[in-house]
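*Asks:* According to our numbering, the sequence shown is numbered sequentially starting from 148. In this text, a Cβ means the ideal position worked out from N, Cα and C, and glycines have one as well.
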Amino acid sequence: MAPAYNKGQTEEAYGRLIAGSGQREKVFLTTKVSGFSGVRNAMYKEIFDGLPGAKQEAIRKRALEMREQRGVLKPGYFFTYYPGQANPIELTYIANAMRPEYAHKVEGSARFRDFILTSLEGSLKRVGTDYFDILMCPHGTNSPEELEIPEILRTFEKLKQDGKVRFLGFTSQTDPGGVLARAAQMEHYDCAMVAYNILNAGYLERSIREARAKDMGVIAMKVAMSVATHHKSLQPVPRWRIDKIHRIIPGEQKAPVKAYLWALQNPDLTAVISNLWDTAHVEENLGVAGRKLELQPA
148 MAPAYNKGQT EEAYGRLIAG SGQREKVFLT TKVSGFSGVR NAMYKEIFDG LPGAKQEAIR
208 KRALEMREQR GVLKPGYFFT YYPGQANPIE LTYIANAMRP EYAHKVEGSA RFRDFILTSL
268 EGSLKRVGTD YFDILMCPHG TNSPEELEIP EILRTFEKLK QDGKVRFLGF TSQTDPGGVL
328 ARAAQMEHYD CAMVAYNILN AGYLERSIRE ARAKDMGVIA MKVAMSVATH HKSLQPVPRW
388 RIDKIHRIIP GEQKAPVKAY LWALQNPDLT AVISNLWDTA HVEENLGVAG RKLELQPA
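1. Since F183 is in the alpha helix (DSSP H), which residue starts that stretch and which ends it?
2. Kindly indicate which three-state DSSP category A401 falls into: helix, strand or coil?
3. In the DSSP assignment, what residue or residues form a beta bridge with K173?
4. Which class does R313 belong to by DSSP, given the choice of helix, strand or coil?
5. Can you find at least 3 beta carbon pairs, one from the segment 386–395 and one from the segment 349–366, that sit closer than 8 Å?
6. Helix, strand or coil for L327 per DSSP?
7. Is the distance from the Cβ of K490 to the Cβ of Q443 below 7 Å?
8. Using beta-carbon positions only, say whether I395 and A436 come within less than 7 Å of one another.
9. Answer yes if the segment 343–350 comes into contact with the segment 394–412, meaning at least three C-beta pairs across the two stretches below 8 Å, and no otherwise.
10. List in chain order: all unbroken alpha helix (DSSP H) runs of 4+ residues lying wholly within the segment 249–295.
11. Per DSSP, which one or two residues make a beta bridge with G453?
12. Which of the three DSSP states, helix, strand or coil, is assigned to Y178?
13. With a Cβ-Cβ cutoff of 7 Å, do V253 and Y161 count as a contact?
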């Protein structure tokens with residue numbers, strides 16, 4: 148779940164599902180702090196907008212250099228999973244380039260704490276529960292620096308002490324390998340949900356192993372979106388992607404189902420997120436759980 152999904156209606160739907168059932172303790176619930184990274188970007192932009200033009204240009208240049216050095220948008224690593232995914236990247240790296248000089252004005256701000264608290268309280272109310280098992284913050288991390296905001300850990304520890312959350316995680320689909328590697332080094336995130344599929348796997352394998360070595364849970368997302376998408380503007384999916392998964396897993400199963408089956412062969416993953424839009428999806432996807440097979444060369 149996330150507050151951003153269907154304007155909060157996803158959380159409300161889960162709330163109706165468990166309401167009055169007495170089954171809350173048998174359900175593992177996760178929600179996210181949507182828009183958190185945007186708070187950081189907005190604060191840095193407020194400072195940026197007040198700087199002289201020459202200073203702005205130097206920051207833009209440094210931001211571009213950082214992106215290129217890290218290969219954030221490198222073809223084969225960066226893939227668009229939803230429209231507008233790339234939009235925040237420029238502001239994210241402007242913030243990163245400004246960080247050495249202006250972090251003291253932004254990173255310790257109470258606005259982060261207030262944003263997390265407000266988001267969580269809204270989610271608790273919509274779902275009708277007293278706590279979440281995982282709180283993902285940030286939701287949609289675009290760079291490792293976003294994980295280092297001090298108020299994330301401080302606020303989480305207070306919420307955990309109050310019994311409102313149990314574990315801390317984050318999600319990332321832009322530079323997921325770099326973000327996951329930094330999280331493993333920091334050792335205060337319990338889990339991560341990262342974009343991992345047949346397209347970008349080579350860029351993530353090392354980070355996934357490092358995270359698991361630190362006892363982090365690693366949840367793969369966007370697994371099937373490598374070969375299928377419900378976003379009209381991203382259709383049709385390039386044929387070479389579909390051909391690739393069919394080479395890896397021969398047979399009559401649908402490409403998205405094979406994509407899940409492929410990911411489930413990785414012993415370093417804790418779980419794989421699957422789309423469950425209707426009964427057919429549920430039946431097809433549950434059918435691959437626990438299956439082992441030998442993957443063929445791509």
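*Replies:* Concretely, from the data shown:
1. On the sequence shown, position 36 is the one that residue 183 refers to. In the DSSP annotation of this structure, the continuous segment of the alpha helix (DSSP H) that includes F183 starts and ends at 183–195.
2. Taking the first residue of the sequence shown as 1, we reach residue 401 at position 254. What sits at residue 401 in the sequence shown is Lys, not Ala. Coil at K401, not helix or strand.
3. Taking the first residue of the sequence shown as 1, we reach residue 173 at position 26. Paired residue(s): none; K173 is not in a bridge.
4. For this step, residue 313 is matched to residue 166 along the sequence shown. Note: R313 maps to strand in three-state DSSP.
5. For the pair of segments examined, the segment 386–395 was found not to touch the segment 349–366: the number of CB pairs separated by less than 8 Å stays below three.
6. Reading the sequence shown from its first residue, position 180 is the one you call residue 327. In the displayed model, L327 falls within a helix according to three-state DSSP.
7. Given a span of 148 to 445 for the chain in the structure shown, any question on residue 490 remains unanswerable.
8. Residue numbering aside, residue 395 sits at position 248 when the sequence shown is read from its first letter. Residue numbering aside, residue 436 sits at position 289 when the sequence shown is read from its first letter. No, they are not a contact pair.
9. The segment 394–412 is in contact with the segment 343–350.
10. For the segment 249–295, the full-length alpha helix (DSSP H) segments reaching 4 residues or more read 257–274 along the chain.
11. In the structure displayed, the chain extends from 148 to 445; residue 453 sits before or after that span and is not available.
12. As a working mapping, residue 178 is identified with position 31 in the sequence shown. Note on residue identity: the sequence assigns Thr, not Tyr, to residue 178. DSSP places T178 in strand when its eight states are reduced to three.
13. Reading the sequence shown from its first residue, position 106 is the one you call residue 253. Reading the sequence shown from its first residue, position 14 is the one you call residue 161. Not a contact, by the Cβ cut-off of 7 Å.
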